[in-house]
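Asker: Residues 0 to 74 (numbering that gives the first Met the number 0) make up the sequence shown, in order. Backbone N, C-alpha and C fix where the C-beta goes; we use that ideal spot for every residue, glycine too. Note that the coordinates shown come from a computational prediction; the quantities given were computed from them, not determined experimentally. Structure provided below as structure tokens; questions to follow.
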Amino acid sequence: MQAHESQNPSTFEQENSLEAIHVDFMDIAHELHQKQSESKKKDRAKRRSQARRAIEDHQEKKRLEAELKEWWDDL
Numbered sequence: 000m001q002a003h004e005s006q007n008p009s010t011f012e013q014e015n016s017l018e019a020i021h022v023d024f025m026d027i028a029h030e031l032h033q034k035q036s037e038s039k040k041k042d043r044a045k046r047r048s049q050a051r052r053a054i055e056d057h058q059e060k061k062r063l064e065a066e067l068k069e070w071w072d073d074l
């Protein structure tokens, strides 16, 4: 009887195994969600930085154009 029991897991063991699989699945899902959130956060920061640089470049261009126009008018 002992050999038969070792070959067929008990209902408790099966439930324990399913619980472990469920926990592993939830851990993986949580980790995936965290990585996606982190990736989105980095992408937003990158876009904000690019927008800020574009605004600064535009302002610098306008400033230089104004200085050049002022210099030209002074000639």
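In three-state terms, what does DSSP make of residue 48?
Answerer: Correct three-state label for residue 48: helix.
Asker: Reducing DSSP to helix, strand and coil, say where residue 63 ends up.
Answerer: Helix, per DSSP.
Asker: Once DSSP output is grouped into helix, strand and coil, what is the label at residue 15?
Answerer: It is helical.
Asker: Express the C-alpha separation of residue 31 and residue 51 in angstroms, rounding to a whole number.
Answerer: In a straight line, the C-alpha of residue 51 is about 30 Å away from that of residue 31.
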